[in-house]
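Enquirer: In this note's numbering, the protein residues as written are 45 to 185. Dumping the structure here so I can ask a few things about it.
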Ligand SMILES: NC(=O)c1ccc[n+]([C@@H]2O[C@H](COP(=O)([O-])OP(=O)(O)OC[C@H]3O[C@@H](n4cnc5c(N)ncnc54)[C@H](OP(=O)(O)O)[C@@H]3O)[C@@H](O)[C@H]2O)c1
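In structure tokens form, the structure reads like this:
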């Protein structure tokens with residue numbers, strides 16, 4: 045039985061991958077992360093083999109909270125065997141893709157780094173005890 049974690053389950057890529065993986069392997073168990081699980085679209089939100097957890101890549105405490113919650117859902121000896129990082133931030137109401145140096149803003153750069161880069165690394169660090177990904181089963185991003 046595959047146990048798969050998807051960060052960014054509410055997004056276009058993360059949601060499509062989650063749907064496809066649940067469909068492909070009827071034994072798989074999945075955990076999906078995003079800021080607000082209530083916003084994940086149906087039928088994923090009510091899928092019996094998908095558990096949704098809140099996680100904000102801009103919150104430095106969030107990875108440890110995810111690891112604690114995961115430990116209750118999936119016993120550590122079993123652990124997750126695949127981790128897909130599909131969270132990403134290019135633009136939202138407060139930021140947009142810069143086209144000129146003059147448009148760079150420290151806060152936007154910092155937010156983009158938190159979601160697109162350090163969010164991945166900090167989750168991997170926190171999930172080490174419950175993630176049994178090996179080089180042969182690489183972490184995808
Ligand atoms: N789709 C494409 O064709 C394409 C092509 C090239 C590159 N990309 C890049 O690939 C990434 C994913 O693409 P997408 O189309 O799936 O984007 P999307 O639909 O906008 O989804 C973004 C995902 O990232 C999550 N996210 C954003 N900010 C977050 C935060 N602070 N903490 C936790 N999660 C956060 C969102 O969750 P929330 O529900 O919490 O917002 C959502 O699940 C993006 O960076 C995009 O720019 C996409």
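Where a beta carbon is used, it is the ideal one built from N, C-alpha and C, also for glycine. Note that the coordinates shown come from a computational prediction; the quantities given were computed from them, not determined experimentally.
1. Does the Cβ of residue 51 lie closer than 8 Å to at least one heavy atom of ligand 1?
2. In the DSSP assignment, the beta strand (DSSP E) including residue 97 goes from what residue to what residue?
3. Report buried or exposed for residue 137, applying the criterion of at least 16 other Cβ atoms within 10 angstroms of its Cβ.
4. Indicate the three-state DSSP secondary structure (helix, strand or coil) for residue 82 in the structure shown.
5. What number of angstroms, rounded off, separates the C-alpha of residue 158 from the C-alpha of residue 102?
6. Between the Cα of residue 99 and those of 92, 110, 89, 91, spot the shortest distance and give me the residue it belongs to.
7. Quick one: what's got a C-beta closer than 6 Å to residue 52's C-beta in the same chain, skipping five residues either side?
8. Is residue 79 close to ligand 1? I mean its beta-carbon at under 8 Å from any heavy atom of the ligand.
9. Are residue 174 and residue 114 close, meaning C-beta to C-beta below 9 Å?
10. Count the CB pairs spanning the stretch 88–96 and the stretch 64–80 that are closer than 8 Å, and state whether there are at least three.
Expert: Taking the geometry as given:
1. Checking the Cβ of residue 51 against ligand 1 gives yes.
2. In the DSSP annotation of this structure, the continuous segment of the beta strand (DSSP E) that includes residue 97 starts and ends at 94–98.
3. By the Cβ-count criterion, residue 137 is exposed, with fewer than 16 other Cβ atoms from all chains shown falling within 10 Å of its own Cβ.
4. Three-state result, residue 82: helix.
5. Residue 158 and residue 102 have their C-alpha atoms roughly 6 Å apart.
6. Of the candidates 92, 110, 89, 91, the one whose C-alpha sits nearest the C-alpha of residue 99 is 110.
7. Once the five neighbours on either side are set aside, the close Cβ partners of residue 52 are 58, 130, 131.
8. Set against 8 Å, the gap from the CB of residue 79 to the closest heavy atom of ligand 1 is smaller.
9. Using a Cβ distance threshold of 9 Å, residue 174 and residue 114 count as a contacting pair.
10. With a cut-off of 8 Å, the stretch 64–80 and the stretch 88–96 count as touching, because enough Cβ pairs lie within range.
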